[in-house]
Ligand SMILES: Cc1cc2nc3c(=O)[nH]c(=O)nc-3n(C[C@H](O)[C@H](O)[C@H](O)COP(=O)(O)OP(=O)(O)OC[C@H]3O[C@@H](n4cnc5c(N)ncnc54)[C@H](O)[C@@H]3O)c2cc1C
Ligand code: SF4
């Protein structure tokens, strides 16, 4: 039986593995972390319908029954071609395969790179991923001193659409995540005052616009403006300075908690991983696909396929669709051999 290796056990890798095993291949997933599920396993409730993320992860995981098999805590650091086969290397061990799917996903933008926003300096400046962790743990956000915040600012486009930090692209999911999280905060703390500071609102997916309307109905305030800087007040609150770009007026506001909507950056180590196959990342640092419209899951290297967030920012629906598409392409490739 022909063998397929999948690098990355997020929703993309898990779903591609499931489909390839159904098609009759021997499939092995290599996952760097101790548990499968990738980033989705870190979220609490998902947009657009606020379903529990573990429901989705557990559904994809339920197909891991020997074929597909998964090696956890196994980071692949090298891939090389050996005739018509490939060799993958991890921690001094090597594995062979007839085709490889790169599904290494993304990293969160390191918010400390935007030093003027105060992440890592001020206690009450957190990221959207940390807010998800708070929802998972207590069902509501807390300030550093353990209190429920009454005034919260969500800052859009942190590490996205920003040439200064070499991230000129839009991360696609952070507008809707901010809207979803602002509704969740309102539900948990009805008296909370919430401000979303955005450049443009990009609510591109099904159900996203409805979430935006719901947030407005629940009293979330949307201000068009880009944060210039934050500073800490003596009582631990954060002073934010921005300009309301609709009224062209400078704005200063003190809040209990600032949530930075961090963007999706290329996964660490992936460009080094593909370098062994003479593949270069695209201009934003993600894995390059052959053709956006006609061939979105193939790379320039024969036998090497790619899907999910390692090719650029996307949501779960896009990732799962790409995973299935990659499974079909791999099947066609291996059947023609
Ligand atoms: C804050 C935030 C909230 C979000 N909320 C939602 C939501 O509610 N709904 C929604 O549809 N989408 C949401 N998304 C998007 C969603 O997280 C992605 O679409 C999804 O995670 C992509 O899955 P993936 O498997 O491609 O990548 P990942 O989830 O990043 O998984 C990739 C996996 O590959 C592993 N890996 C990486 N390199 C290696 C290596 N060299 N060797 C072995 N393993 C490796 C990683 O450890 C990881 O487990 C959100 C994104 C963000 C940033
Ligand atoms: S989705 Fe929204 S917050 Fe995220 S980068 Fe695009 S415009 Fe900015």
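In our numbering, the protein residues as written are 18 to 354.
Using N, Cα and C, we set each Cβ at its ideal position, and we do this for glycine too.
All of these numbers come straight from a predicted model, not from anything done at the bench.
Exposed or buried, what is residue i when buried is set at 16 or more other beta-carbons lying within 10 Å of its beta-carbon?
i, result
"residue 90", "exposed"
"residue 52", "exposed"
"residue 340", "buried"
"residue 221", "exposed"
"residue 56", "buried"
"residue 324", "buried"
"residue 68", "exposed"
"residue 189", "buried"
"residue 120", "buried"
I need the DSSP call for residue i, collapsed to helix, strand or coil.
i, result
"residue 58", "helix"
"residue 318", "coil"
"residue 88", "strand"
"residue 141", "coil"
"residue 21", "strand"
"residue 136", "strand"
"residue 182", "helix"
"residue 336", "helix"
"residue 260", "strand"
"residue 113", "strand"
"residue 32", "helix"
"residue 299", "coil"
Closest to residue i by CA distance: which of the options is it?
i, options, result
"residue 321", "234, 118 and 307", "118"
"residue 198", "187, 225 and 319", "225"
"residue 302", "330, 60 and 73", "330"
"residue 103", "147, 114 and 95", "114"
"residue 166", "317, 211 and 235", "211"
"residue 319", "346, 28 and 337", "346"
"residue 235", "252, 201 and 255", "201"
"residue 128", "142, 252, 120 and 242", "142"
"residue 26", "36, 42 and 46", "46"
"residue 327", "81, 290, 70 and 75", "290"
"residue 335", "108, 111, 75 and 122", "122"
"residue 48", "94, 64, 66 and 62", "94"
"residue 34", "178, 130, 277 and 88", "88"
"residue 261", "238, 64 and 120", "238"
"residue 253", "192, 241, 173 and 160", "160"
Measure the C-alpha to C-alpha separation of residue i and residue j and round it to an integer number of angstroms.
i, j, result
"residue 1", "residue 353", "The question about residue 1 has no answer, for the chain in this structure spans 18 to 354."
"residue 223", "residue 333", "13 Å"
"residue 77", "residue 30", "9 Å"
"residue 231", "residue 296", "44 Å"
"residue 315", "residue 265", "46 Å"
"residue 71", "residue 156", "15 Å"
"residue 194", "residue 101", "43 Å"
"residue 268", "residue 246", "11 Å"
"residue 311", "residue 342", "12 Å"
"residue 338", "residue 282", "21 Å"
"residue 109", "residue 96", "13 Å"
Of all Cβ atoms in chain D, is any one closer than 8 Å to the Cβ of residue i?
i, result
"residue 323", "As a matter of chain content, chain D is missing from the structure shown, which is built from one protein chain."
**OP:** Check each residue's C-beta against every heavy atom of ligand 4 and list, in chain order, those closer than 7 Å.
**Re:** This structure lacks ligand 4; the ligands present are ligand 1 and ligand 2.
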